[in-house]
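Novice: First the structure, then my questions, so here it is.
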Amino acid sequence: MPTVTTSEQVHQIVSNHHDNPHTILGHHSIELGGTMTWLVRTYLPRAEQAWVIDPVSQKEYPMTSVHNPNFFECILEQELPPQYKLKYKSGDDYFTIYDPYEFVEAPHISDLDLHLFAEGNHHRIYDKLGAHLLNIKGIEGVYFSVWAPNARNISVIGDFNNWDGREHQMRKLGVGVWGIFIPELGVNTQYKYEIKNYEGHIYEKSDPYGFFQEVRPNTASIVADLDQYEWNDEAWLKQREASDPLKQPVSIYELHLGSWLHASAEEPMALLSGEVAPIPVNETKEGARYLSYYELVDKLIPYVVEMGYTHIELLPIAEHPFDGSWGYQVTGYYAPTSRFGRPEDLMYFIDQCHANGIGVLVDWVPGHFPKDGHGLAFFDGTHLYEHADPRKGEHKEWGTLIFNYNRNEIRNFLVANALFWFDKYHIDGIRVDAVASMLYLDYDREDGEWLPNDYGGNEHLEAVDFLRQTNNLIFKYYPGVISVAEESTAWPMVSRPTYLGGLGFNLKWNMGWMHDNLSYFSTDPWFRQHNQNSITFSMWYHFSENYMLALSHDEVVHGKSSILGKMPGDDWQKFANVRALFTYMFMHPGKNTMFMSMEFGQWNEWNVWTDLNWDLLDHEPHAKLKSFFAALNAFYKEQPALYELDFEEEGFDWIDCSDNQNSVVSFVRRAKDPKDFLVVVCNFTPQLHPHYRVGMPEAGCYDEVFTSDMETFGGSNNKNFGGVWTEEWGMHGQPYSADLCLPSLGVVVLKINRERTAEAIASQQSQTESHSLT
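In case it helps, the numbering used here puts the sequence shown at residues 9 to 782.
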């Protein structure tokens, strides 16, 4: 029978020059000599002989080598059923496979999907691009799709084809999206994309939408099924949807999973499936390994519950190649890092957090990405994800690239990624890293190193639009969650709704408060009188944004010392200063974030390569400090006055902030119920004030409901025993006052005891009436 396939067609396939190989390869009807016949073509680079197998009759039809020893065709007189197979001989071995080019359809990707993606509005594009388990024509397999508009050709490579890009060449579906269905592949398949540009250069890339990846330093993506895990947090999600975090207690424990605690390297890593994972390579502590997400359920969650935090915040857990980046240089935006286990293990961890009343935030990094060859950089042989002009596309100091927010598909990649973590992993919030670097075109750039916007300004308008779109959609789909901006500039309305012109976050880190307070508490107490403004200035601007008070990982690295190490004085004073700082922080309006190790007073700076110095808890001062934080969190959650009106002016009143001579400040915190308030008095010197008079807003008996100077916390136990009574002696603009004992380097919190006050008033009235009768 004559050859039907032309040499040009063969050349296009063999040379990887065809952007739609399905039109040549696979099963096709043709007219030959006036008769309709059927043609099967295949390119099998390792094959010496090939056959087509009829799945019904099991008859084998020999194929003919055409124009190339590894390109075969077979002409048939009747159409084959769709489940036909190919058989081929390679060396002494025979292999039987389904023909991937028989599967032309992309049933999960419609023209509407491609259209929405092209305009930047496909909010679940992760359900379309990437690697997805599908059943097509009754055959199980994986559909691979990737966006690479400037590529000449793309192939899927993996163990299943000996990483040979000639075998599974993809076809262009439209708007720069390429796809192919490969039968009989499944979960755990390792793969990459081999991308050729028009100059013939080849790039092997991990999947930008890949759900799982090999443990570094390996970089292959791994097929995963994110829908197999059965969640048990429906009640949590319903409650969250009906809540407002701005009016709830928020005390966040920020942590880096890889350095919180290690396990012995001799002990295999346990996974949810019951399997045992190989120990991740290049371990960061000799003789140790990471805890898996599954193991952290038994280690981390009970600790967070014991300590009373409402949320945990995970430093970026998206896949990243270099441990020393702390996770902030991401290559796999849709893949939780495999250092700690599989995706379902992370799901189980978050599910168990919810079961124990703990919300989960993750740090999200949409501002920049690294230049690693397997990642997003120069993805299809062009500057695709990043700006081509380094004046807009590169952070030189960080050695990273900046996303091109001008491009619809890039914005779609990032917006959908934020939604992805809420959708697939049920997270409760994100903290967006380095927002300041995104807002300004001249951020960390000298004159001549940046390009102005269309109006001549330094505002990065496309990044602003991207942030607004992201926050709009987060709160549209997931009401009740948290979106925090790490933003350190004077950009207005960061935490205001977009319809008012804001960026749409509901919280913003208060970097000014952090800087001022650490500066103040690092100062010798005898000189604090000259810096009183440092601890009071925040209230001048507090109500301009919804602020998160944060003492984060950034403050305990790079020679900045630990929090305990920053404090002046002897050891007792250092611990007292830490207790005073954090009590003031929790009493101050705003939500709270603190980094791991601060709660037990680690002396060393945080080191990403090792775990925390847990052995310090064998020493009484550190154990008592840990007890202090557990009590502080418990007290904070019990007092509506400390969280209900954080961002409303009626929730806070200064009593006195001008006594710089004694470094004392006092204020009132109020709840929605006007009868529910707290009086907070802070003494930031080592001088005990056994009789310090403070103005009080209401007459009565006030109980000391919290003090940082408790003996059980490591303090001196200088307390206001039995409570204090007000006198009709107006002071500090208040109608009453009370004589207090202020412990050295201590914070005292008072609350009116209405029952005792009422009893005293009733007793006094009774005595008055008795005297009147007499």
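Ideal Cβ positions, reconstructed from N, Cα and C, are used throughout, including at glycine.
On a predicted model such as this, the values are computed, not experimentally measured, just so you know.
(1) Of the residues Ser-569, Leu-322, Lys-93, which one's Cα is nearest the Cα of Pro-70?
(2) Any chance the stretch 55-63 sits against the stretch 38-46, with 3 or more Cβ pairs inside 8 angstroms?
(3) Less than 8 angstroms between the CB atoms is what I'm expecting for Val-423 and Val-373, so what's the real figure, rounded?
(4) Can you check DSSP and say which residues form a bridge with Val-154?
(5) Going by the DSSP bridge assignment, what does Arg-415 pair with across the sheet?
(6) Do you know how far the Cα of Trp-548 is from the Cα of Asn-539?
(7) Tell me the DSSP secondary structure of Tyr-528 in three-state form.
(8) Which residue's Cα is closest to the Cα of Ser-716: Gly-407, Ala-639, Asn-78?
(9) Any chance the stretch 257-268 sits against the stretch 451-459, with 3 or more Cβ pairs inside 8 angstroms?
(10) Could you check if Trp-521 is buried or exposed, using at least 16 other CB atoms within 10 Å of its CB as the buried criterion?
(11) Look at the alpha carbon of Thr-227 and the alpha carbon of His-382, and state the distance between them as a whole number of angstroms.
(12) Assuming contact is defined by CB atoms lying nearer than 8 angstroms, are Trp-429 and Val-370 in contact in what I supplied?
(13) For Tyr-336 and Ser-267, I'd like the C-alpha separation in whole angstroms.
(14) Please list the segments of the alpha helix (DSSP H) lying wholly inside the stretch 212-254, counting only runs of 4 or more residues, in order along the chain.
(15) What do you reckon, are the CB atoms on Ala-250 and Gly-512 nearer than 8 angstroms?
(16) Helix, strand or coil: how does DSSP classify Ser-491 here?
(17) Roughly how many angstroms lie between the CA atoms of Glu-110 and Asp-119, to the nearest whole one?
(18) For Arg-224, tell me which candidate among Ile-190, Pro-378, Gly-187, Thr-345 has the shortest Cα-Cα distance.
(19) In angstroms with no decimal places, state the Cα-to-Cα distance between Glu-39 and Glu-85.
(20) With Gly-365 as the anchor, note down where its beta strand (DSSP E) starts and where it stops.
(21) Count Cβ pairs between the stretch 670-686 and the stretch 616-636 that sit closer than 8 angstroms; are there 3 or more?
(22) Count the other CB atoms within 10 Å of the CB of Asn-541; is the residue buried (16 or more) or exposed (fewer)?
(23) Suppose only complete runs of 4+ residues qualify. What are the alpha helix (DSSP H) ranges in the stretch 429-500, listed by chain order?
(24) Taking Cβ positions, are Gln-360 and Ile-309 nearer each other than 8 angstroms?
(25) Return helix, strand or coil for His-697, following the three-state DSSP convention.
(26) Can you look up Glu-736 in the DSSP assignment and give me helix, strand or coil?
(27) Per DSSP, Phe-103 is paired with what?
(28) Using the rule of at least 16 other Cβ atoms within 10 Å of the residue's Cβ for burial, across every protein chain shown, is Pro-751 buried or exposed?
(29) For the beta strand (DSSP E) that His-517 lies in, which residues bound it at each end?
(30) Do the CB positions of Val-702 and Ala-746 come within less than 8 angstroms of each other?
(31) May I ask you to list the residues that DSSP assigns as paired with Ile-760?
(32) Return the residue from the list Val-564, Pro-705, Phe-636 that minimises the CA-CA distance to Leu-620.
(33) Can you find the residues in the same chain that come closer than 7 angstroms, C-beta to C-beta, to Asp-441, ignoring five residues on each side of it along the sequence?
(34) Looking at C-beta atoms only, is the number of pairs between the stretch 460-477 and the stretch 433-450 that lie closer than 8 angstroms three or more?
(35) Alpha helix (DSSP H) containing Gln-20: first to last residue?
(36) Terminal residues of the continuous alpha helix (DSSP H) containing Glu-674?
Specialist: The answer reads as follows:
(1) Lys-93
(2) no
(3) The pair is not a contact, with the Cβ atoms about 14 angstroms apart (cut-off 8 angstroms).
(4) Trp-186
(5) Answer is none; Arg-415 lacks a bridge partner.
(6) 16 angstroms
(7) helix
(8) Ala-639
(9) no
(10) buried
(11) 7 angstroms
(12) yes
(13) 15 angstroms
(14) 242-249
(15) no
(16) strand
(17) 21 angstroms
(18) Thr-345
(19) 11 angstroms
(20) No beta strand (DSSP E) holds Gly-365; DSSP gives it neither H nor E.
(21) no
(22) exposed
(23) 443-447, 469-485
(24) yes
(25) strand
(26) coil
(27) Tyr-96
(28) buried
(29) Here residue 517 turns out to be Trp, not His, going by the sequence shown. Run containing Trp-517: 515-517, per the beta strand (DSSP E) assignment.
(30) yes
(31) Tyr-710
(32) Val-564
(33) Tyr-336, Asp-371, Trp-372, Val-373, Gly-375, Glu-494
(34) yes
(35) 15-22
(36) As written in the sequence, residue 674 is Ser, which differs from the Glu given in the question. Careful: Ser-674 lies outside any alpha helix (DSSP H), inside the beta strand (DSSP E) at 672-678.
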